[in-house]
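Before any comments, here is the structure.
2 protein chains.
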Amino acid sequence: MLLTRASEYALLSLDTIRQSDKPIGAEQLANELNIPKSFLAKILQSLAKEGILESRKGAHGGFVMAKDIHEIAVRSIIMAAEGKAPAVFDCTSYMHNCPNGAIGSCAISPFLANFQTRIDDFLNGLMLSDIL
Amino acid sequence: MLLTRASEYALLSLDTIRQSDKPIGAEQLANELNIPKSFLAKILQSLAKEGILESRKGAHGGFVMAKDIHEIAVRSIIMAAEGKAPAVFDCTSYMHNCPNGAIGSCAISPFLANFQTRIDDFLNGLMLSDIL
DNA sequence: CTCAAAAATGAGTCCGAAATCATAGCATAA
DNA sequence: TTATGCTATGATTTCGGACTCATTTTTGAG
């Protein structure tokens with residue numbers, strides 16, 4: 020599985036938030052989507068730090084879209100939600116320090132790098148507007 | 020992470036086996052590749068059931084390629100090794116019984132199905148001969 | 001025919017990441 | 001100033017990947 024529930028919640032949240040003209044709070048969102056409040060809050064915070072959402076504090080505060088949905092790459096959403104880039108294999112993340120180095124040059128990394136690149140390109144080119 | 024270590028071991032094993040003219044046992048392979056023996060054995064058994072490898076029991080037995088590497092899709096290797104199809108999300112596996120159905124129609128499944136299809140196509144079209 | 005090599009099977013452990021729960025402060029618009 | 005909601009942090013639970021062990025079954029070799 021490439022994506023965890025965090026990405027799923029992020030996408031569902033963004034779809035709800037973009038359809039609202041008012042800021043939506045974490046608690047309200049959690050209730051509507053039937054998602055654990057605290058867990059969702061973390062994800063929303065990450066999305067805000069990434070500049071995808073804008074958080075408004077205080078009374079009647081909440082979250083609002085910070086960018087146009089045409090300007091948000093799906094990959095940036097995933098990276099914010101997961102806290103790291105989506106990887107095909109674990110080893111592709113640290114190819115310079117491949118654990119398989121011990122048994123000789125890694126036979127599969129050229130393929131994996133290619134595969135990883137294709138997925139990265141796909142997710143980078145895919146905008147939020149393409150999927151909602 | 021899309022692929023677990025099982026797929027990695029499967030690819031490394033196939034690369035070793037195809038270069039040998041004699042059957043290679045699970046234990047020998049485990050030693051050469053520095054992989055836990057029993058864990059590797061399970062993977063090899065799965066590959067044999069899938070018709071990718073041929074298993075020969077008894078003395079001087081072991082595993083041999085059952086097909087030409089041009090006829091083996093990488094996706095079939097992954098399915099054998101992982102025991103299931105590689106999925107972007109968990110929910111794409113059982114779209115007919117989506118847990119998010121409880122909160123209305125799933126907003127992200129159209130995208131996920133598209134994404135999943137692209138990955139499936141890529142892995143189906145990719146032959147073992149392309150990467151070794 | 002017997003025996004040993006090697007595959008096949010199945011149950012069970014260990015560990016770390018994912019997911020969830022909890023909560024005490026901090027910031028701000030009304 | 002006060003209600004509202006964000007921030008930060010950490011404990012807890014859950015779950016699946018990674019691995020081990022013990023046993024059975026098969027079959028070629030002597």
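So the protein lines, in turn, are chains S and W. The opening residue of the first sequence carries number 20 in the working numbering; numbering runs sequentially from there. The opening residue of the second sequence carries number 20 in the working numbering; numbering runs sequentially from there. All residues carry an ideal CB built from backbone N, CA and C; glycine is no exception. Keep in mind that this is a model prediction, so the values were computed, not measured.
Self-check item: Candidates W:E90, W:L52, W:T136, W:P55, of which the one nearest I150 of chain W by Cα
Solution: Each of W:E90, W:L52, W:T136, W:P55 was checked against the Cα of I150 of chain W, and the nearest Cα belongs to W:E90.
Quiz item: Can you tell me whether P55 of chain S is buried or exposed, with buried defined as 16 or more other CB within 10 angstroms of its CB?
Solution: So P55 of chain S counts as exposed.
Practice problem: Could you tell me which chain W residues have their CB closer than 7 Å to the CB of R137 of chain S, listed as they occur along the chain? | Solution: Simply F141.
Exercise. Alpha carbon to alpha carbon, how far is R24 of chain W from Q135 of chain W? Give it in angstroms, no decimals.
Key: Cα to Cα, the separation comes out at about 21 Å.
Quiz item: Between the C-alpha atoms of A132 of chain S and G81 of chain S, what's the straight-line distance to the nearest angstrom?
Solution: A direct Cα-to-Cα measurement between A132 of chain S and G81 of chain S gives close to 40 Å.
Practice problem: Closer than 7 Å by C-beta to I97 of chain W: which residues in its own chain qualify, once you throw out the five before and the five after it? Chain order, please. | Solution: Once the five neighbours on either side are set aside, the close Cβ partners of I97 of chain W are L22, S26, P105, L142.
Quiz prompt | Any chain S beta carbon closer than 8 Å to M84 of chain W | solution = At a cut-off of 8 Å between beta carbons, M84 of chain W makes no contact with chain S.
Quiz prompt | S73 of chain S, enclosing beta strand (DSSP E) - first and last residue | solution = Correcting the residue type first, residue 73 of chain S is Glu in the shown sequence and not Ser. Counting along the chain, the unbroken beta strand (DSSP E) around E73 of chain S starts and ends at 72 to 75.
Quiz item: Counting contacts by CB-CB distance shorter than 8 Å, is F58 of chain W in contact with chain S?
Solution: With 8 Å as the cut-off, F58 of chain W does not count as an interface residue toward chain S.
Quiz item: For the 8 Å Cβ check, are there 3 or more pairs between the stretch 27 to 45 of chain W and the stretch 55 to 69 of chain S?
Solution: In short, these stretches do not touch, since the Cβ pair count stays below three.
Quiz prompt | Cross-chain neighbours of A106 of chain S in chain W, by beta carbon under 7 Å | solution = Within chain W, the residues near A106 of chain S are M20.
Quiz prompt | Endpoints, alpha helix (DSSP H) assigned at V93 of chain W | solution = For V93 of chain W, the enclosing alpha helix (DSSP H) begins and ends at 93 to 101.
Exercise. Quick one: residues in its chain with C-beta nearer than 7 Å to the C-beta of D34 of chain S, no 5 flanking neighbours on either side, listed in chain order?
Key: Once the five neighbours on either side are set aside, the close Cβ partners of D34 of chain S are L151.
Quiz item: Applying the criterion that 16 or more other CB atoms from any shown protein chain within 10 Å of the CB defines a buried residue, is A78 of chain S buried or exposed?
Solution: So A78 of chain S counts as exposed.
Practice problem: Look at E101 of chain W and A85 of chain W and say whether their C-beta atoms are less than 8 Å apart. | Solution: Cβ atoms of E101 of chain W and A85 of chain W: not closer than 8 Å.
Quiz prompt | Interface partners of K73 of chain S on chain W, CB under 7 Å | solution = Rather than Lys, the amino acid found at residue 73 of chain S in this sequence is Glu. Within chain W, no residue comes near E73 of chain S; the closest Cβ sits about 21 Å away, beyond 7 Å.
Quiz prompt | Separation of I62 of chain W from L52 of chain W, as counted between CA atoms | solution = Going from the Cα of L52 of chain W to the Cα of I62 of chain W covers about 14 Å.
Quiz item: Assuming S65 of chain S and A92 of chain S make a contact with CB atoms under 8 Å, what is their CB distance in whole Å?
Solution: Not really, about 15 Å apart at Cβ, beyond 8 Å.
Quiz prompt | Nearest-angstrom Cα separation, counted from L30 of chain W out to V107 of chain W | solution = In a straight line, the C-alpha of V107 of chain W is about 21 Å away from that of L30 of chain W.
Quiz item: Helix, strand or coil: which one does DSSP assign to F134 of chain W?
Solution: F134 of chain W: helix per DSSP, three-state reduction.
Quiz item: In the stretch 21 to 42 of chain W, which residues sit with their C-beta less than 9 Å from some C-beta in chain S, listed in chain order?
Solution: Within the stretch 21 to 42 of chain W, the qualifying residues are L21, L22, T23, R24, S26, E27, L30, L31, D34, T35.
Quiz item: Any idea if I36 of chain W is buried or exposed, counting beta-carbon neighbours within 10 angstroms, 16 or more meaning buried?
Solution: By the 10 Å Cβ count, I36 of chain W comes out buried.
Practice problem: Using alpha carbons as the reference points, say which of W:L145, W:E69, W:G144, W:R75 lies closest to K41 of chain W. | Solution: Residue W:R75 is the option with its Cα nearest to K41 of chain W.
Quiz item: Alpha carbon to alpha carbon, how far is A67 of chain W from A60 of chain W?
Solution: In this structure, the alpha-carbon of A67 of chain W lies about 10 Å from that of A60 of chain W.
Exercise. Would you identify the three-state DSSP class for F82 of chain S, choosing helix, strand or coil?
Key: Three-state result, F82 of chain S: strand.
Quiz item: Quick one: what's got a C-beta closer than 7 Å to S112 of chain S's C-beta in the same chain, skipping five residues either side?
Solution: At S112 of chain S, the pLDDT of 38 sits below 50, so the modelled position is not reliable; the number obtained from the coordinates is stated separately. A106, listed in sequence order.
Quiz item: Would S95 of chain W be called buried (16 or more neighbouring beta carbons within 10 Å of its own) or exposed?
Solution: Classification for S95 of chain W: buried.
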